[in-house]
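Listed in order, the protein sequences are those of chains B and E.
Residue numbering for the first sequence follows this note's numbering, starting at 1 and increasing by one per position.
Residue numbering for the second sequence follows this note's numbering, starting at 1001 and increasing by one per position.
Accompanying notes for the structure given below.
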Amino acid sequence: KADSEAKDEL
Amino acid sequence: MNIFRFAGDMTHLISILVLLLKIYATKSCSGISLKTQELYALVFLTRYLDLFTGFISIYNTVMKLIFIASSLAIVWCMRVHPIVRRSYDKDLDTFRHYFLVAASFILALLLYEKFAFKEIFWAFSIYLEAIAILPQLVLLQRSGNVDNLTGHYVFFLGAYRALYILNWIYRYFTDIHFSRWIACVSGLVQTALYADFFYYYYISWRNNAKLKLPA
């Protein structure tokens, strides 16, 4: 779920 | 950060530089859809809401600032710049892009990762980016002959999203937490919209002829 928080893509 | 995503971001940046070059070098925006440029500015403004609240990396912040600044600068050029605005094909660029904004917003209210302000606007920006190119593609079909820089601009714009699809495939196999279905499906739709353009772009490159889209 960590990924959905930090929108690391532009 | 993987090579596909970095290449995608660089290709996206190149597309914007090519567009700025065309406008600056020819002092003309003929063949460019102002509506698509306005939609892109809206995409960046609604997607990068966390620009000042969150920090991911210098690269991430710098690229976000570049995308926001360049998209607003292009809209400004086409609306306000006394010389450039005269070459805007107002009577050809008639796509009702408000429907695209409304459809994307409604879809974002139905389909999102989490029902939160930033998440809804993020999903909205993803859906809107997928269809934002439509006014531009319609304008290309209507305006018949397409100048080289405009053709290259649209090509790089399509290539950037195609590279992002490779990035998602790569992350799917390497990053166990990776679950960005909204971005993936929307990105596939977005890239598919370029399919016929890519075909005619390839034909014009192979025959070394002017790019021409059938009306």
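The beta-carbon is built from N, C-alpha and C at its ideal position, and this holds for glycine as well.
| Along chain C, in chain order, which residues have C-beta atoms closer than 7 angstroms to that of E/M1063? | Absence of chain C from the displayed structure is noted, the protein chains being B and E.
| message | Could you give the first and the last residue of the continuous alpha helix (DSSP H) run that contains E/A1116? | response | Per DSSP, E/A1116 belongs to no alpha helix (DSSP H) and is neither H nor E.
| Under the three-state DSSP convention, the category E/K1027 falls into | coil
| request: Say whether chain E places a C-beta atom closer than 7 angstroms to the C-beta of B/D3. | output: With a pLDDT of 46 at B/D3, under the threshold of 50, the modelled position of that residue is not reliable, and the figure given next carries that caveat. Answer yes: the Cβ-Cβ gap between B/D3 and chain E drops below 7 angstroms somewhere.
| request: Apply the 10 Å Cβ neighbour rule to E/N1208 and answer buried if 16 or more other Cβ atoms are within range, or exposed otherwise. | output: exposed
| task | Indicate whether E/V1043 and E/L1109 have their beta-carbon atoms separated by less than 7 angstroms. | result | no
| request: Anything in chain B within Cβ reach of E/D1050, meaning under 8 angstroms, just list it in chain order. | output: K7
| query | Which of the three DSSP states, helix, strand or coil, is assigned to E/K1210? | reply | coil
| field | Among E/T1061, E/F1121, E/V1062 and E/L1034, the one whose alpha carbon lies nearest that of E/V1080 | value | E/L1034
| task | Taking only the alpha-carbon atoms, compute the straight-line gap between E/W1168 and E/F1067 and give it to the nearest angstrom. | result | 21 angstroms
| message | Pairs of beta-carbons, one from the segment 1021-1037 of chain E and one from the segment 1189-1203 of chain E, closer than 8 angstroms: are there three or more? | response | no
| E/A1215 vs E/Q1136 beta-carbon contact at 7 angstroms | no
| Check: E/L1111 C-beta below 6 angstroms from any heavy atom of the ligand GDP | This structure does not include the ligand GDP; it has no bound ligands of any sort.
| task | List the residues of chain B that E/F1067 touches, going by C-beta distances under 8 angstroms, in chain order. | result | L10
| Which one of E/L1013, E/M1001 and E/L1092 has the shortest CA to CA distance from E/G1158? | E/L1013
| How many Å lie between E/Y1201 and E/I1016 at the Cα? | 18 angstroms
| request: Find out if the Cβ-Cβ distance for the pair E/S1071, E/A1041 is shorter than 7 angstroms. | output: yes
| task | Please check the pair E/I1131 and E/S1104, which I expect to be a contact at CB under 8 angstroms, by giving their CB distance rounded to whole angstroms. | result | 7 angstroms
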